[in-house]
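Residue numbers (this note's numbering): 21 to 446.
Beta carbons: idealized from backbone N, C-alpha and C, even for Gly.
All values derive from a computational prediction rather than experimental measurement.
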């Protein structure tokens with residue numbers, strides 16, 4: 021078996037790997053680069069034929085539902101099967117009507133079940149559920165021709181599903197020839213450092229909510245389910261209800277996990293801002309609204325009890341909140357990657373906060389493994405070689421791991437080190 025990193029050997033985001041056995045091929049992830057100005061077909065890595073005419077391309081395996089891993093599915097013909105976690109598939113379908121631009125809904129294909137092998141031509145694919153900030157995320161074991169490649173996808177060991185990494189480390193798959201492992205944190209942290217746990221984020225949220233005299237505005241991704249759980253638990257500990265918009269309510273329902281906060285729970289309310297009401301009308305999403313209207317409130321209800329409410333904030337809430345004059349004593353808690361804030365993506369939110377004298381607090385932890393957990397994971401896997409992926413600092417891998425063999429974008433390499441393989445450029 022041989023492999024080719026189509027994109028991602030020296031960058032975070034836009035990951036895409038191709039594997040080949042007996043002339044048949046699979047793609048692993050097909051991500052939109054983080055710095056892409058738009059989702060256009062010219063960004064698809066060179067050499068890929070995605071219009072359905074390449075009969076040797078058996079399908080595309082998506083590790084998890086983040087755009088930098090699945091976004092270029094927008095340019096894939098619907099006849100090509102897509103592998104994905106079943107909950108992730110539902111989440112992406114639920115999100116699509118709410119989002120602007122080209123947000124692909126994956127075609128039918130294989131639904132992952134952790135630990136259950138899937139036969140795809142000459143390949144055997146085994147997904148492993150991992151802890152990540154995206155719901156229903158997987159690492160993937162690819163076997164072909166008696167050789168084994170393990171792709172970590174994006175993972176961590178400090179979220180609400182940290183036990184998944186512990187289990188994988190305790191009982192790793194054996195005889196891994198090549199381990200493609202992410203190294204996102206190598207840009208950010210010293211090699212002996214750890215990220216805050218999601219439980220620690222919850223405790224910090226409790227402290228901030230107790231210190232907030234008015235409405236708590238928490239700005240996070242509705243698809244970061246671990247963070248939604250932290251917000252809900254912290255709010256409940258402080259006597260606050262969590263106020264969702266319809267997008268967040270639809271995402272939570274799409275997980276299919278009734279142990280997660282839902283729009284009909286007693287401590288949860290639905291508020292649909294004006295801009296979203298227009299969106300619902302344009303798209304005819306009245307059935308979605310009806311399913312989540314049991315605890316629906318209106319702006320006057322939110323204005324009546326701001327000190328007992330935590331709003332899952334989105335920028336489209338601004339005009340509603342200004343009109344209701346309910347921002348006295350409010351606090352804005354930014355709970356996302358700080359890079360979005362620094363890039364200017366939220367300049368209008370900054371102006372909104374300044375205009376109303378609302379303080380900003382940042383509370384976040386990474387969706388990616390710390391260097392300490394990366395080392396623990398790689399040592400347990402004990403692969404024949406370690407191949408950097410999804411990192412701006414592949415040069416730091418040898419400081420943590422043995423047998424590091426970097427591979428450039430666009431070049432085929434043998435999965436089993438030392439095995440004969442055609443090494444021509446792809």
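- Between the alpha carbons of residue 164 and residue 244 lies a gap of roughly 34 angstroms.
- By a beta-carbon distance limit of 8 angstroms, residue 332 contacts residue 262. Their separation comes to about 7 angstroms.
- Only exposed fits residue 69, as fewer than 16 other CB atoms lie within 10 angstroms of its CB.
- When beta bridges are read from the DSSP output, residue 170 appears opposite 161, 199.
- Here residue 209 carries a coil assignment [DSSP, helix/strand/coil].
- Annotation for residue 185: the continuous alpha helix (DSSP H) segment containing it runs 183 to 190.
- Every unbroken stretch of the alpha helix (DSSP H) spanning 4 or more residues and falling wholly within the segment 336 to 396 is given here in chain order: 338 to 344, 358 to 362, 367 to 376.
- In the three-state scheme derived from DSSP, where H, G and I count as helix and E and B as strand, residue 147 is classed as strand.
- Beyond the five residues adjoining it in sequence on each side, residue 61 comes within less than 7 angstroms, by CB distance, of 95 in the same chain, given in chain order.
- Around the CB of residue 427, 16 or more other CB atoms lie within 10 Å, so the residue is classed as buried.
- In this structure residue 365 is not in contact with residue 204, their Cβ atoms being roughly 19 angstroms apart against a cut-off of 8 angstroms.
- In the DSSP assignment, residue 330 is bridged to 236, 262.
- Nearest C-alpha to residue 140 among 46, 351, 369, 128: 46.
- One Cα belongs to residue 145, the other to residue 77, and the distance between them is close to 15 angstroms.
- Annotation: residue 92 to residue 358 spans about 24 angstroms, alpha carbon to alpha carbon.
- Under the rule that a run must span 4 or more residues, the alpha helix (DSSP H) segments found entirely inside the segment 44 to 97 read 87 to 90.
- Taking 8 angstroms as the cut-off, the beta carbon of residue 429 is found closer than this to the beta carbon of residue 26.
- Inclusion of residue 255 and residue 221 in the CB contact set at 8 angstroms is not warranted, their separation being larger than that value.
- Closest in C-alpha terms to residue 87, from the list 59, 376, 242, comes 59.
- If the five residues before and after residue 269 are omitted, its C-beta is found closer than 8 angstroms to the C-beta atoms of 282, 283, 290, 312, all from its own chain and listed in chain order.
- Excluding its 5 nearest sequence neighbours in each direction, residue 396 has C-beta neighbours in its own chain below 7 angstroms: 189, listed in chain order.
- Just so you know, the alpha carbons of residue 300 and residue 240 end up roughly 22 angstroms apart.
- Judged by DSSP in its simplified three-state form, residue 32 adopts coil rather than helix or strand.
- Residue 327 places its beta carbon 8 angstroms or farther from that of residue 179.
- The alpha carbon of residue 159 has as its nearest neighbour, out of 133, 275, 167, 143, the alpha carbon of 133.
- Nearest Cα to residue 185 within the set 393, 423, 432, 436: 393.
- Taken through DSSP and simplified to helix, strand or coil, residue 104 comes out as strand.
- Residue 414 is not a Cβ neighbour of residue 209, given a cutoff of 8 angstroms.
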